[in-house]
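Asker: Before anything else, here's the structure in question.
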């Protein structure tokens with residue numbers, strides 16, 4: 070960043086480049102940096118005038134400034150202003166000998182060949198052109214930093230580019246110079262010029278007392294399947310053990326989180342391709358979403374932080390009917406092994422269990438409103454069902470059904486109710 074002398078330094082450097090680019094056949098040509106007036110060009114003397122006619126904010130850097138003060142008003146960083154500088158290059162001389170046009174050709178070629186103001190050119194211009202001659206900047210204490218011109222030290226170089234001016238824009242621009250005859254003109258823009266006040270000293274950050282530097286590779290765990298430890302096809306019910314398979318699962322510190330349940334679960338064992346985690350009995354039935362979170366200790370004292378988190382993986386947690394359902398008084402009473410929670414939805418499914426199955430078996434479905442409180446007992450009003458029939462009973466909680474054993478020889482056959 071440069072101090073407030075940067076704008077004057079840009080003008081001085083342009084003057085230096087133009088002076089060194091004057092054609093040799095116009096040895097008497099001069100370079101000025103003043104407002105166009107009637108005196109310029111009145112004697113048909115060849116010359117170039119450089120006039121800064123517009124200063125505007127740079128659109129790329131105008132919003133790049135971070136907040137420069139804290140809540141208490143202390144300076145955190147020096148505010149920086151970013152400008153685009155628009156110049157008029159006006160060419161004078163004997164029109165009969167085409168001197169203005171020869172000057173324009175030489176200068177535009179030179180600026181096209183050297184579009185960036187280098188640190189070397191800026192330093193040479195500061196020495197050769199002496200833009201601040203006769204000013205207090207040549208005397209102490211102003212001839213040393215932070216008041217010394219320092220555009221050549223800036224990290225952002227200034228680029229000069231030709232501005233296309235329409236006839237209408239040229240007409241409006243020259244109308245500002247009252248009763249001044251038009252002369253051959255081209256416009257250039259110098260961008261970007263960054264300036265800040267060097268005397269404004271930011272507040273120093275407190276010293277680092279303890280260095281705590283750590284690094285960890287980005288290697289989130291990947292879940293491929295979730296199953297019960299009873300087998301890949303066995304239903305997952307509360308109280309069983311989950312077997313999570315995937316890749317990148319090995320870690321000494323990680324947890325398994327399930328939506329709708331807290332706190333996170335801690336695996337009992339893990340390897341790179343498998344995690345074993347017991348499923349508590351109070352995890353609500355339904356479609357559940359599981360994630361693996363890898364923990365990493367940071368800070369002093371060390372505190373666990375979530376670092377790598379797996380993508381979400383879904384599994385169906387089935388409700389379990391604990392005692393045989395009963396049918397009477399136009400309603401079916403079902404007792405679940407584990408409670409369904411407030412806000413969950415339960416549906417009773419009855420299917421005729423006659424063997425062999427008839428052509429059109431009887432089937433009934435009853436949905437209860439969302440539960441007002443946690444409960445293990447569900448009472449479904451079924452009204453009148455076909456008498457003398459046995460029905461298989463299933464309970465569906467949030468879209469996930471309880472299990473059903475269709476083997477009559479099995480001790481877990483059913484569950485069923487008889488009307």
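Residue numbers (our numbering): 70 to 488.
In this text, a Cβ means the ideal position worked out from N, Cα and C, and glycines have one as well.
#1: Are there 16 or more other CB atoms within 10 angstroms of the CB of residue 361, so buried, or fewer, so exposed?
#2: Taking the beta carbon of residue 448 as the centre, do at least 16 other beta carbons fall within 10 Å, making it buried, or is it exposed?
#3: Tell me whether residue 327 sits in a helix, a strand or coil according to DSSP, three-state version.
#4: Just the Cα atoms here: how many angstroms apart are residue 471 and residue 327?
#5: Could you tell me whether the region 406-414 touches the region 452-461, where touching means 3 or more Cβ pairs closer than 8 Å?
#6: For residue 385 and residue 400, I'd like the C-alpha separation in whole angstroms.
#7: Take residue 451 as the anchor and find which of 396, 281, 381 has the nearest alpha-carbon.
#8: Is residue 215 helix, strand or coil by DSSP?
#9: Measuring CB to CB, does residue 417 end up less than 8 Å from residue 434?
#10: Tell me which same chain residues have a C-beta within less than 7 Å of the C-beta of residue 347, skipping the five on either side of it?
#11: Give me the residue from 351, 79, 420, 253 with the minimum Cα distance to residue 261.
#12: Just how far apart, CA to CA, sit residue 423 and residue 378?
#13: Using C-beta distances below 6 Å, list every residue in its chain close to residue 419, excluding the 5 sequence neighbours before and after it, in chain order.
#14: Which residues mark the beginning and the end of the alpha helix (DSSP H) in which residue 197 is found?
#15: Kindly give me the distance between the Cβ atoms of residue 353 and residue 329, rounded to whole angstroms, as I take these residues to be in contact under 8 Å.
#16: So, using beta-carbon positions, are residue 91 and residue 98 closer together than 8 Å?
#17: Taking the alpha carbon of residue 441 as the point to measure from, which residue in 453, 414, 117, 251 has its own alpha carbon closest?
#18: Within the same chain, show all residues whose beta-carbon is closer than 7 Å to that of residue 375, passing over the 5 residues directly before and after it, in chain order.
#19: Quick one, are the C-beta atoms of residue 502 and residue 316 less than 8 Å apart?
#20: Using alpha carbons as the reference points, say which of 88, 127, 89 lies closest to residue 228.
#21: Could you check what DSSP says for residue 131 in three-state terms: helix, strand or coil?
#22: Ignore the nearest five residues each way along the sequence and tell me which others in residue 394's own chain have a CB closer than 7 Å to its CB.
#23: Measure the alpha-carbon distance for residue 298 versus residue 312 and round it to whole angstroms.
#24: Report the residue from 112, 106, 125 whose alpha carbon sits nearest the alpha carbon of residue 118.
#25: Please state the DSSP three-state secondary structure of residue 210.
#26: Short of 8 Å in beta carbon distance, which residues of its chain neighbour residue 469, apart from the five on each side in sequence? Order them along the chain.
#27: Mind checking which residues open and close the alpha helix (DSSP H) that includes residue 175?
#28: Let's test the definition: count the other Cβ atoms within 10 Å of the Cβ of residue 178 and tell me whether it reaches 16, buried, or not, exposed.
#29: Would you decide whether residue 339 is buried or exposed? Buried here means 16 or more other CB atoms lie within 10 Å of its CB.
#30: Measure the C-alpha to C-alpha separation of residue 230 and residue 124 and round it to an integer number of angstroms.
#31: Am I right that residue 122 and residue 145 are in contact with their C-beta atoms under 8 Å? What's the rounded C-beta distance?
#32: Which residue from 165, 488, 345, 331 puts its Cα closest to that of residue 398?
#33: Rounded to whole angstroms, what's the CA-CA distance from residue 300 to residue 358? Just pull it up for me.
#34: Buried or exposed, going by whether 16 or more other CB atoms sit within 10 Å of the CB of residue 173?
#35: Note the first and the last residue of the continuous beta strand (DSSP E) segment covering residue 297.
Answerer: So, to answer that:
#1: buried
#2: exposed
#3: strand
#4: 20 Å
#5: no
#6: 28 Å
#7: 396
#8: In this prediction, residue 215 scores a pLDDT of 47, lower than 50, which makes its location untrustworthy; the coordinate-derived value is nonetheless stated afterwards. Three-state DSSP puts residue 215 in coil, outside helix and strand.
#9: yes
#10: 310, 337
#11: 79
#12: 50 Å
#13: 433, 460
#14: 188-197
#15: 5 Å
#16: yes
#17: 414
#18: 362, 364
#19: Outside the displayed range of the chain (70 to 488) lies residue 502, so it cannot be described from this structure.
#20: 127
#21: coil
#22: 401, 402, 403, 462, 484, 486
#23: 6 Å
#24: 106
#25: The predicted model places residue 210 with a pLDDT of 47, which falls under 50 and marks its position as unreliable; any figure quoted below should be read in that light. Residue 210 falls in the coil class under three-state DSSP.
#26: 354, 355, 356, 385, 386, 387, 388
#27: 168-182
#28: exposed
#29: buried
#30: 15 Å
#31: Not quite, the Cβ-Cβ distance comes to about 36 Å (not below 8 Å), so this is no contact.
#32: 488
#33: 20 Å
#34: buried
#35: 291-297
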